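Just below is one structure, and these are the notes that go with it.
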Amino acid sequence: MFRAYALFGVELSDKRAVMNPASDSESLLEGVTLTRSGDVLRVSSSTPLRVLGCANVGDDLALTRNIVAMSVETEQQSVDPEQQLHDWAMQAGIHEPFVGLLTTAAAESYIQATEATAKWKLTALLIADLTTRCSAGKTKPGEGNTGGSIDIIILTDASLSMGAMVSAMITATEAKVRALVENRVTTSEGYVATGAPADSVIIGCLSKGERIRQAGPTTQLGYLVGKVVHEGLTRALQAQHVD
């Protein structure tokens, strides 16, 4: 199943894209809920999620019940990101360690993609702002570092080993790059874009069933990770008319 939520309610291909209401809540996995309130997306879990990823807050956590993505204007990125996130968390009643990231993409433009097998379920949330692009190994330090990010949150009820979580992040990154290459996205210098300056990938998993130790592109889980990330980013690029 693929569900797309795109800015301005743009109709994309044969999939439906709709504008989200100002506040929305839905179940992603058993005990895991997504809520959007204004400029913030919040993933809440009734039981701790095992997490791995890069974020402004909580990137060293192994367990958390909350993952937060906050939209900010590019000029606001000079403000202390940790303080911004902690201030919001306090107001939202989060009084325990959480994973939080700032994004220049609009919260209401998030893309959600879900796949399931008989054993487990996987959901990906993707928020993209491609106003600035970069090319790994080509864009020099300091160049093109004016905002922009592709933020990917992958959630599953499967039980992943640490190695599987790492390989799932690698697979997600490979799928992201494939979508950019296939859509011929380039940097301002004309290089092939491999991402935006502040990209992030966060993996969150419960512990259902047998422990999974690999999530590379040719594994069942890795195949689905690649599929939802590629489709999600492709639709985000179409919605933003990125080329």
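In this text, residue positions in the sequence shown follow the numbering used here: the first is 26, and each later residue adds one.
Every residue, glycine too, gets a C-beta built ideally from N, C-alpha and C.
Note that this is a predicted model, so its numbers are computed, not measured.
Within-8 Å CB hit, residue i to chain D
i	result
Q265	No chain D appears in this structure, which consists of one protein chain only.
Between the CA atoms of residue j and residue i - distance to the nearest angstrom
i	j	result
V202	R209	10 Å
R90	M115	15 Å
L231	D49	23 Å
A143	G234	11 Å
G220	L88	27 Å
V206	T72	38 Å
G167	R75	34 Å
T244	V124	27 Å
Y216	T129	22 Å
H255	A80	21 Å
L267	R158	As written in the sequence, residue 267 is Val, which differs from the Leu given in the question. Near 10 Å, if we compare the C-alpha coordinates of R158 and V267.
From the options, residue whose alpha carbon lies closest to that of residue i
i	options	result
V253	T196, L77, Q116 and V217	T196
E98	V65, A117 and K146	V65
T259	A153, E51 and M95	A153
CB of residue i within 8 Å of CB of residue j, strictly
i	j	result
G56	S70	yes
I136	S184	no
M194	L77	yes
S160	T212	yes
L180	V68	yes
A138	S96	no
A149	G229	no
G251	A200	yes
P222	G162	no
I92	I178	yes
The alpha helix (DSSP H) enclosing residue i, as first and last residue numbers
i	result
T259	Q245 to Q265
A114	P106 to Q116
Status (buried if at least 16 other CB within 10 Å, exposed otherwise) for residue i
i	result
K165	exposed
M187	exposed
D85	exposed
E140	buried
E121	exposed
S52	exposed
G63	exposed
Enclosing beta strand (DSSP E) for residue i [first to last residue]
i	result
S184	S174 to L185
V76	V65 to G78
I119	I119 -> no beta strand (DSSP E), and no H or E assigned at all.
C159	Note, C159: premise wrong, no beta strand (DSSP E); not H, not E.
Q137	I136 to A141
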